[in-house]
Amino acid sequence: MNKKKLIGIIILCFFIVLRFTFLDQDTHSRMIEGINQNDEVFYTHKGFIKYLASEERLGKESKVAPFSNNFSTYNAHISYLSFKIFGNNYYGLRIPAVLMSLIALLLLYKTGLSLYNSNLYILYGAMLLLFSDFYFFIFSRFQTPQIYSIFIISLILYIFHNKNLKFNTKSFLLGLIGTIAVLNFYLFNLFLLASIGLYLLTISIRKKNISTLVYSLFGVLLGGFIFFISIEGSIQDYFKLLQEHNDQFKLITNEVSFTEKIINTAKKVIAIFTTNLFRFNPIFLWAFISIPIISFVNIIKKKSNKTELFLFYIIIFIIAQNSFASSYPYKKLIVLAPISFIALIYIFKQISERKISPPLILFSSITSLIIYLYSIKVNYSPEYWATEKFGYNYIPLKSTYIYLLLLGFIFFLIFISLYTYKNIRLKLTYPIVAFSLLLIIIELDYFIINPEFTYKNTLLKYAKTIKENRITGGYAKAYSLYSEATPDFTPIRFKDSYKAEVEKEIYAITKKHKTFRIEHYRKANDVNKNTGEQITFGKTKYLIIDKSYQKDSLYCLYLMKDLEEEK
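Each residue of the sequence shown is one higher than the one before, starting from 2 at the first, in the working numbering.
Dropping the structure here:
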């Protein structure tokens, strides 16, 4: 084994081990991650309920809430196996996310190799940037639907660039996987299916042959059939849930004026470029902004190739989709990481082959720098986050790191501009390797050197009290980690009639069993409630018997006993 290969394997092992380190730590503030720790079990509720049932820890009265997407159906088996293998703890909960991220990274490496195998230095540099990306690293460790979308998007990009597949076979697979990405993974992956459709339509027109569209249509039909046989319940129920989801989050509304719609649309488009992904990795922002600019110029000159065209369509459709249907864009647009990665490799390839003019690169660089400066101004202002409807506290990334990210990005832009006139096949990797080292330092600080374990320690402490008893509340399952408590799940995200029905049944349960409730407070004025105080939920009075305070995010957990049982 040569020295370079050995060094590469050592670096790879370092990043793999890093992803598994301290998986049981708390999530950080919503300002940084956009993740609610209790949501993790909620996302995997079917698999967790299956696990609890296998351990005879699930009461007959426990409820499984419906979902507006089909995420939990395919994830149920993965989560169940993980809990059975690794136990009822955060490792059992989160290891599937780590494994899924590693599969996505492998697919993206293969895609990059297929796209540009003449200069491995550029590919290795881009892979280092992706491995070390702060926000992608976050979502590689916590159980959320986004990591599964990252996987499916990486798979689509891999199929698209696979040189061993015949074009008709590729068209069929793209139609199939694109449909599954929307119906079985996440409804907001619709931009992928639209991009695939428009790209294949463009190719069919160019070749004057509809066979490509026919093969892709067969793939779409098969994907729809797979969804039909995998969905729990009827199609009518599914679309009813979609409508309820729309009513709840008001994704489509006619209640505002035309002017307000234009303003809101502009804000949603701008929000794409100020997400956490781009705020923590402006090099990906540069690639994301550069590719449509370069593609547009080449389309006009009729010089665009398939990769450029496909990425152009994806970015246009994600912007169009997000303009009328966005859901937590600062968090969920982490799914753009694979797209930005491929865009970065493609642009570096074009630069190294002198196919992009320096003025075009300079224009893209200045544009991305202006947008990034605006992103910093917006995202690191307390006024912006004060309007966040969940009331989370303003705790951003450490200011030192903010300035270092900005300086690192400026260094990257200067380096790219200076060397666009010269042979930079190897030199292109210098600025992204330097930026990657900065991201690694941030990760080591937040995840290795200074991890928080308040949630885990609190649940271990509560386990002594709630063992073999019942806990109620919307996140009851999340609080049965590390204990043998039986959770009674109250859905909190669906229509009031369903919530009321289950809450009524759970209220009846509390009169038969010793029941505890754990509440999760986020606002600073709520953490002043003390042990021994009473609190009322609905018609039920509870006594606070313990509480735990998470300093980083000002979260406070309260363990409460049902006072109705004392009567």
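All residues carry an ideal CB built from backbone N, CA and C; glycine is no exception. Nothing here was measured: the structure is a model prediction, and the numbers come from that model.
Cutoff 6 Å; reference residue i; Cβ partners in own chain excluding five residues on either side
| i | result |
| --- | --- |
| G224 | L177, T180, I181 |
| L19 | none |
| I36 | T28, F143 |
| F132 | F16 |
| H78 | none |
| L53 | L59 |
| P488 | I472, A477, K478, S481 |
| F318 | F192, A195, S196 |
| K85 | none |
| H162 | T112, S115, L116 |
| L429 | I123, F349 |
| P283 | Y373, F410 |
| I1 | Examination of residue 1 is not possible in this model, given that the chain is present from 2 through 568 alone. |
Presumed contact (8 Å Cβ cut-off) between residue i and residue j, rounded CB distance
| i | j | result |
| --- | --- | --- |
| L124 | G113 | 5 Å |
| V336 | Q147 | 6 Å |
| G48 | N76 | 6 Å |
| F152 | Y216 | With 8 Å as the limit, F152 and Y216 do not qualify as a contact, their Cβ atoms being about 24 Å apart. |
| N470 | F517 | 6 Å |
Inter-residue Cα distance where the pair is residue i and residue j
| i | j | result |
| --- | --- | --- |
| L460 | Y92 | 14 Å |
| K51 | L202 | 44 Å |
| T260 | V270 | 16 Å |
| V99 | I227 | 26 Å |
| S80 | Y373 | 38 Å |
| A105 | F87 | 22 Å |
| N190 | I154 | 9 Å |
| N574 | T455 | The requested residue 574 does not occur in the structure, where the chain is confined to residues 2 to 568. |
| I253 | L188 | No answer about I253 holds up, because its pLDDT of 47 lies below 50 and its placement is not dependable. |
| F364 | W287 | 11 Å |
| G409 | S376 | 16 Å |
| L560 | E57 | 24 Å |
| N120 | G220 | 34 Å |
| D547 | V42 | 22 Å |
| I160 | S382 | 42 Å |
| L222 | I232 | 15 Å |
| K303 | S353 | 21 Å |
| K1 | Y314 | What the structure shows of the chain is the stretch from 2 to 568, and residue 1 is not part of that stretch, so it cannot be assessed. |
| Y447 | A464 | 27 Å |
| L558 | K530 | 11 Å |
| L107 | D40 | 27 Å |
| N165 | F436 | 34 Å |
| I211 | I12 | 47 Å |
| L94 | T145 | 10 Å |
| R207 | R355 | 27 Å |
| I449 | I442 | 10 Å |
| L312 | F297 | 11 Å |
| A267 | F285 | 21 Å |
| G9 | S549 | 44 Å |
Whether residue i touches residue j by CB criterion (8 Å)
| i | j | result |
| --- | --- | --- |
| I362 | S324 | no |
| I33 | P397 | yes |
| K478 | H46 | yes |
| P452 | F23 | yes |
| I157 | L175 | yes |
| I96 | S83 | yes |
| I273 | L334 | yes |
| L439 | L405 | yes |
| T213 | F168 | yes |
| Y44 | M101 | no |
| I295 | I204 | no |
Residues near residue i by beta carbon distance below 7 Å, same chain, minus five either side
| i | result |
| --- | --- |
| N299 | S305, E309 |
| F342 | L109, A127, L131 |
| K468 | S484, E485, A486 |
| K562 | F517, Y543, L544, I546 |
| I1 | No statement about residue 1 is possible, as the shown extent of the chain runs from 2 to 568 and does not include it. |
Own chain, CB closer than 8 Å to residue i, minus 5 neighbours either side, in chain order
| i | result |
| --- | --- |
| Q535 | K542, Y543, L544, I545, L564 |
| V379 | T275, Y385 |
| E444 | L19, S133, F135, F138 |
| T537 | Y543 |
| I264 | none |
| T466 | F517, I546, D547, L560 |
Closer than 8 Å to chain D by CB, residue i
| i | result |
| --- | --- |
| Q147 | No chain D appears in this structure, which consists of one protein chain only. |
Residue i Cβ short of 7 Å to the ligand COA heavy atom set
| i | result |
| --- | --- |
| A182 | The ligand COA is not part of this structure, which contains no ligands at all. |
Taking 8 Å as the threshold, find out whether the stretch 274 to 285 comes into contact with the stretch 132 to 147 through three or more Cβ pairs.
yes
Does the count of Cβ pairs from the stretch 284 to 293 and the stretch 340 to 360 closer than 8 Å reach three?
yes
Does the stretch 353 to 372 touch the stretch 404 to 415, meaning 3 or more C-beta pairs lie closer than 8 Å?
yes
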